[in-house]
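Using the UniProt record's numbering, the first residue of the sequence shown is number 1, and each one after it goes up by one. All C-beta atoms, glycine included, are put in the ideal place defined by N, C-alpha and C. Some notes on the structure that comes next.
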Amino acid sequence: MAALPLATAEVCDANPHLIQNGELRALQPIFQIYGRRQVFSGPVVTLKVFEDNVLVREFLEEKGNGRVLVVDGGGSMRCAILGGNPVQQAQNNGWAGILVNGCIRDVDEINGCDIGIQLLRIECRVPEFGWTTQKVFLFLNFLVNGFRSVVFVFRRSVQRLKPEIIQHILLDLPGLAFFTTYALLVLFWAEIYYQALAVSIEGIRLSFYTINAGVYVIQIALWFLIWWKPIQPLVILSKIFFAGVSLFAALGFLLYGGRLFLMLRRFPVESKGRRKKLQEVGYVTAICFSCFLVRCVMMCFNAFDKAADLDVLDHPILNFLYYLLVEILSSSLVLFILRKLPPRRGITQYHPIH
């Protein structure tokens, strides 16, 4: 930001305590300059992302009013978090410039825009490259609902399968996969939350894998015990364990959904993107917390009251209402709320580099 009258060295000299505790950082002079504006300045808006440009796009959809967007992309060189379309939108909405601690693409388009862009390097790949958390979440939703549908279609045949342990596995496995699917959403929120606080997220994903592996190992062990000795106390123990897993998922949504919601509420910049994310996190947290809590309560009733058995042909209405509340309706609402239609790519004019 060469237009600012304050030198970087003077700022550092005047604030040694902020440099020491990490609140103030000086970026290394390795940034490349693109766009028609070689020099730009304005009120700064900061944003922290990592290999994901959804929030960047939503910010640039708002009126810039001469502001400068500083995007901390973690210095990632693996994919671009800014391209020609968002930069053109930023130009049209009155942003003065964008500084990216990361990569961009579509240089020809960007150089034709009346805006200043500073970045580390050019990278052709986009953030959606490969299996992202969002793609895995959608794919697991498809698998869970598809498997549950097949079990429902052949419900009478499943009920007659022998040994009985096969029935337990076919009826419980979609529920475990449902837990993993929505635990992935908790993981995604936890990573966003800790990245925003500049806290390392290396252990978060490992914790996710460890917890899921532990859940599946314990449940498989219970299936083997029930197969070896099919007594009612073991069946009750299996259902209580499943209720505990559901309660754990509900608390996970309450913890990280609540944290992310409060963090977004405290965010200083009011924008359409912020309001949209606030609503998404609030609605999804409420839906998922409620569905896992209902599952927990119903599994507890199911464990100790034979009349409340959820997986028998004698209770079709109870079965329908239960799975409607805890899986069908909840997953449908979450997928609808988190839907994101791909932006329409406009026809852009080629601008030669001078």
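- Annotated three-state conformation of residue 99 is strand, per DSSP.
- Boundaries of the alpha helix (DSSP H) harbouring residue 172: 164 to 196, taken from the DSSP string.
- For residue 34, the enclosing beta strand (DSSP E) begins and ends at 32 to 34.
- Restricting attention to 224, 45 and 137, the CA atom closest to the CA of residue 187 is found in 137.
- Just so you know, the alpha carbons of residue 151 and residue 174 end up roughly 9 Å apart.
- Annotation: residue 55 to residue 284 spans about 18 Å, alpha carbon to alpha carbon.
- Classified as buried, residue 239 has 16 or more neighbouring CB atoms from the shown chains inside 10 Å of its CB.
- With respect to the C-alpha of residue 88, the residue from 178, 73 and 113 having the closest C-alpha is 113.
- Within the same chain, 222 come within 8 Å of residue 237 by CB-CB distance, once the 5 residues on both sides are set aside.
- Secondary structure note for residue 151: its alpha helix (DSSP H) is the uninterrupted segment 133 to 153.
- Spatial neighbours of residue 278 in its own chain (CB-CB distance under 6 Å, excluding positions within 5 residues in sequence) are listed in chain order as 264.
- By the beta-carbon neighbour count (other beta carbons within 10 angstroms, threshold 16), residue 209 is exposed.
- In the structure shown, residue 63 falls within a coil segment according to DSSP collapsed to helix, strand and coil.
- In this structure the segment 328 to 338 does not touch the segment 153 to 172; the number of beta carbon pairs closer than 8 Å is below three.
- Using a Cβ distance threshold of 9 Å, residue 243 and residue 296 count as a contacting pair.
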